[in-house]
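These notes concern the structure reproduced below.
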Amino acid sequence: MKKAIVLLTCSFITSIAFTQIRYGVQVSVNQGTADIKSTNFKSFTKDIRTLKGAMAVAELPVTKHLLIHTSLGYLQKGASLYLQANTTPGGMNTYFSSLETKLDYLEMPLNLAYTLNVRSFSIMVGAGPSFGYGLSGKVKAMYVVNAPGTPAMETTGTADAFKSEENDRAGFRRFETSAGALLAIRHNSGFYLSTNYLHGLTNVSRDEENYRSRNLMVNVGFMFKR
Numbered sequence: 001m002k003k004a005i006v007l008l009t010c011s012f013i014t015s016i017a018f019t020q021i022r023y024g025v026q027v028s029v030n031q032g033t034a035d036i037k038s039t040n041f042k043s044f045t046k047d048i049r050t051l052k053g054a055m056a057v058a059e060l061p062v063t064k065h066l067l068i069h070t071s072l073g074y075l076q077k078g079a080s081l082y083l084q085a086n087t088t089p090g091g092m093n094t095y096f097s098s099l100e101t102k103l104d105y106l107e108m109p110l111n112l113a114y115t116l117n118v119r120s121f122s123i124m125v126g127a128g129p130s131f132g133y134g135l136s137g138k139v140k141a142m143y144v145v146n147a148p149g150t151p152a153m154e155t156t157g158t159a160d161a162f163k164s165e166e167n168d169r170a171g172f173r174r175f176e177t178s179a180g181a182l183l184a185i186r187h188n189s190g191f192y193l194s195t196n197y198l199h200g201l202t203n204v205s206r207d208e209e210n211y212r213s214r215n216l217m218v219n220v221g222f223m224f225k226r
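For the record, in the sequence shown the residue sitting at position 219 is 219 according to our numbering, with numbers rising by one throughout.
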């Protein structure tokens, strides 16, 4: 009898929770870069890469002003860095190196958010972890040496990001954990504009280099009515 009461109670609570969940969809533009420390790149310039994403969204109210805001979907992450230096004191020979990454992730941000209603809009501020799983990706490197009176010598290579380092592959770790922040404004019709910041905590590189992603997402989405 006690087991039956417990099961009925759990079923009732679960059914209430599911009836309160609100679903939506969003598309994203991601401004991606990375915190990189490398023995081969002592002083370099980083550029932001413009990438993309698309996710399904869900919200579960906790109190009148608190809710759990989560999403699950596809997100591109990446970075670009460049280095130019002289190889001789007189600067006769110079070399130029570049490294570009484009990484495809299944990403799930999970935020506890505070909401405030202002007329026909609601403002949301939240924070929480984000969990990513690397699906595929490429790492592209280029090395160019210029010497007076001779043609430039250029070497390029592309490696699979998440496959083992054997056969010239990058061997990045697939699982990544980030600390996230969320800011959103939504109209009562369901349309919203939001931004997410993901600060990578996991060093996805397996060798002596450190690679931690940094991502600023701008999202446009729509939440369906319950």
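Even for Gly, the Cβ is constructed at its ideal location relative to N, Cα and C.
Would you report the Cα separation of residue i and residue j, rounded to the nearest angstrom?
i: A179; j: V118; result: 28 Å
i: Y197; j: A56; result: 17 Å
i: I16; j: R186; result: For I16, the predicted model reports a pLDDT of 43, less than 50, meaning its position is unreliable; a value from the coordinates is still stated below. If you take the alpha carbons of I16 and R186, they lie about 24 Å apart.
i: I123; j: T195; result: 12 Å
i: T155; j: Y143; result: 5 Å
i: T158; j: V125; result: 40 Å
i: K136; j: E100; result: The question names Lys, but residue 136 is Ser in the sequence shown. Straight-line Cα distance between these residues: approximately 14 Å.
i: A34; j: H199; result: 9 Å
i: F162; j: S205; result: 10 Å
i: R173; j: G132; result: 11 Å
i: A181; j: A141; result: 32 Å
i: K225; j: L193; result: 17 Å
i: L201; j: S120; result: 37 Å
i: S130; j: V145; result: 41 Å
i: S274; j: L183; result: Residue 274 lies beyond the residue range present for the chain, which begins at 1 and ends at 226; the question has no answer from this structure.
i: L215; j: L75; result: Note that residue 215 is Asn in the sequence shown, not Leu. About 10 Å.
i: G128; j: R49; result: 24 Å
i: A54; j: S213; result: 18 Å
i: E209; j: N188; result: 47 Å
i: K228; j: D160; result: Given a span of 1 to 226 for the chain in the structure shown, any question on residue 228 remains unanswerable.
i: A58; j: L67; result: 10 Å
i: L116; j: D207; result: 46 Å
Measuring CB to CB, does residue i end up less than 7 Å from residue j?
i: V220; j: V62; result: no
i: H69; j: N111; result: yes
i: M108; j: L60; result: no
i: L51; j: G32; result: yes
i: Y114; j: K77; result: no
i: D47; j: S80; result: yes
i: Y211; j: I21; result: no
i: L103; j: G134; result: yes
i: G190; j: M223; result: yes
Could you tell me which residues DSSP puts in a beta bridge with residue i?
i: K140; result: E100, T158
i: V27; result: A54, V220
i: Q20; result: For Q20, which the question treats as bridged, DSSP gives no partner whatsoever.
i: T33; result: R214
i: R186; result: S122, Y192
i: S80; result: D47, E100
i: N203; result: According to DSSP, which records beta bridges pairwise, N203 is partnered with nothing at all.
i: F175; result: Y133
i: E59; result: R22, H69
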